[in-house]
Amino acid sequence: MKVFFILVFLVSSLIPEDLNSKEQVKQLVEKYFQLWSNGKIQEYGKLFDPKAFIFFRDHYTKQILSEDLQTFLKGQENAQSNKGNLMKEVPLKIQIELVGEETAMVTVYWKLTSSHKNILGYDHFIWAKTNTGWKIISLFFYNI
Numbered sequence: 131m132k133v134f135f136i137l138v139f140l141v142s143s144l145i146p147e148d149l150n151s152k153e154q155v156k157q158l159v160e161k162y163f164q165l166w167s168n169g170k171i172q173e174y175g176k177l178f179d180p181k182a183f184i185f186f187r188d189h190y191t192k193q194i195l196s197e198d199l200q201t202f203l204k205g206q207e208n209a210q211s212n213k214g215n216l217m218k219e220v221p222l223k224i225q226i227e228l229v230g231e232e233t234a235m236v237t238v239y240w241k242l243t244s245s246h247k248n249i250l251g252y253d254h255f256i257w258a259k260t261n262t263g264w265k266i267i268s269l270f271f272y273n274i
């Protein structure tokens, strides 16, 4: 039994420390999409730092626009307000790059499904480890 614990300790010490952080961020990204798709915008909003920057590219004009977090969350709530017909957004590919121990650059290729159309797009996040856990400090999104 003692050999087993020593072996587990040795193997776990070979695993990069950032693996746990990367897995934490991945789980939060998945939660981000689940909460939005389920219309739980208040919980979704808790994934953001209160001072987060939100940017998006207008699909038609190609202009880069920005909103403060509260305006962004209100817009998301309005978009999901039709409870009988919630839009669903699912990540198709998640790429996470840790920068140091407290920052993660995340790119997500996603599919948005509503009652009458499917849209593909990207979210580009910067997640930062704060005193209250990992939070989104910047989001840039657009559809393709």
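If you're matching positions, the sequence shown starts at 131 in the working numbering and goes up one per residue. Think of the CB as a built atom: it goes at the ideal place given N, C-alpha and C, for glycine as much as any other residue. This structure is a prediction, so every number in the text was calculated from the model and none was measured.
In the DSSP assignment, residue 262 falls outside any alpha helix (DSSP H) and carries neither an H nor an E. The beta carbon of residue 173 sits closer than 8 Å to those of 165, all from its chain and outside the five residues before and after it, given in chain order. A direct Cα-Cα distance of roughly 10 Å separates residue 224 from residue 252.
Residue 241 carries a strand assignment under DSSP once its states are collapsed to helix, strand and coil. Boundaries of the beta strand (DSSP E) around residue 222: 218-229. Residue 233 carries a strand assignment under DSSP once its states are collapsed to helix, strand and coil.
A distance below 8 Å separates the beta carbons of residue 171 and residue 210. Note on residue 227: under 16 other CB atoms within 10 angstroms of its CB, so exposed under the neighbour-count rule. Taking C-beta separations shorter than 6 Å and ignoring five residues to either side along the sequence, the partners of residue 250 in its chain run 241, 274, following chain order.
DSSP places residue 274 outside both helix and strand once states are collapsed to three, so it counts as coil. Counting only the Cα atoms, residue 205 lies some 12 Å from residue 196.
In the three-state reduction of the DSSP assignment, residue 215 falls in the helix class, which pools H, G and I. Closest by C-alpha distance to residue 217, out of 175, 188, 247, is 247. Going by C-alpha positions, residue 203 is about 18 Å away from residue 160. When only Cα atoms are considered, residue 263 and residue 239 end up about 24 Å apart.
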